[in-house]
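Numbering (UniProt numbering), first residue to last: 1 to 165.
Okay, so here's the structure we're looking at.
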Amino acid sequence: MERKLALMIATWFGIGLIPPIFFRGMAGTYGSLAALPLAYIASFRIYFYLATILILFLLGLWSIPISERELGPKIDWKGKTRSRDQNQIVIDEVLGILIACLPLLWIHGNFLPAILTAFLAFRFFDIVKIQPAKYFDKLKNPAGIMLDDTVAGIYAAWLTASIFT
1 MERKLALMIA TWFGIGLIPP IFFRGMAGTY GSLAALPLAY IASFRIYFYL ATILILFLLG
61 LWSIPISERE LGPKIDWKGK TRSRDQNQIV IDEVLGILIA CLPLLWIHGN FLPAILTAFL
121 AFRFFDIVKI QPAKYFDKLK NPAGIMLDDT VAGIYAAWLT ASIFT
């Protein structure tokens, strides 16, 4: 039961398990897209939004090591075998996109362009891994997995806020 729950959370209700259609590295994009409704729902109350971010971070720390073992070694989109932070684990992208969308709490009127900017900026920063995200990405533990996307989300939030507020 615990393993199934952890896998459900880490893959964001199975979104990370969807086979990529066009590009093999799309699981992170799927996870980010799937998090957008949560970002919208949570945005009605700032305390609820911040609590959601904290809970997701803690759920990620709990679910990632269990899910890594449950998934086992997988071949990633670069052709490398991974036994940690497999592409199917997308809870970190869910957290990152929620952080990236944080400025939406204060943006009124330009919601669609702002959420698109937050999404694209997050995906860019998540892929490029500007320091300290690159440092966290090299850590071989769940905290590093969650923190590199936290940093990417902060960068994306900053960019989105700079443009729309």
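Using N, Cα and C, we set each Cβ at its ideal position, and we do this for glycine too.
(message) On the DSSP bridge list, what partners appear for VAL81?
(response) Val is not the amino acid found at residue 81; the sequence shown has Thr there. Looking at the DSSP assignment, THR81 forms a beta bridge with ILE75.
(request) Evaluate contact between the stretch 99-119 and the stretch 35-53, counting only Cβ atoms and requiring at least three cross-stretch pairs below 8 Å. (result) The stretch 99-119 vs the stretch 35-53: in contact.
(message) Using a Cβ-Cβ cutoff of less than 6 Å, which residues in the same chain neighbour ALA39 once the five nearest sequence positions on both sides are dropped?
(response) These residues qualify, in order along the chain: LEU98 and CYS101.
(message) Quick check: the Cα distance between THR81 and ASN87, rounded to an integer number of angstroms?
(response) So the two alpha carbons sit approximately 11 Å from each other.
(message) Could you check whether the Cβ of ARG84 sits closer than 8 Å to any Cβ belonging to chain C?
(response) No chain C appears in the structure shown, which is made up of a single protein chain.
(message) Using 8 Å for Cβ pairs, my map puts ILE15 next to GLY31. What's the rounded Cβ distance?
(response) Contact holds; Cβ gap of about 6 Å.
(request) Check whether the Cβ atoms of ASP126 and ALA152 lie closer than 8 Å to each other. (result) Going by C-beta atoms, ASP126 is nearer than 8 Å to ALA152.
(message) Could you compute how far the alpha carbon of LYS140 sits from the alpha carbon of PHE44?
(response) One C-alpha to the other measures close to 36 Å.
(message) Checking 8 Å against the spacing of the C-beta atoms, do LEU7 and GLU70 come in under that value?
(response) At the C-beta level, LEU7 and GLU70 come within 8 Å of one another.
(request) Could you check which residue in LEU56, ALA42 and LEU95 has the C-alpha nearest to that of GLY28? (result) The candidate whose alpha carbon is nearest that of GLY28 is LEU95.
(request) Output the distance between the C-alpha atoms of LEU17 and ALA10, rounded to the nearest integer angstrom. (result) For LEU17 and ALA10, the distance between alpha carbons rounds to 10 Å.
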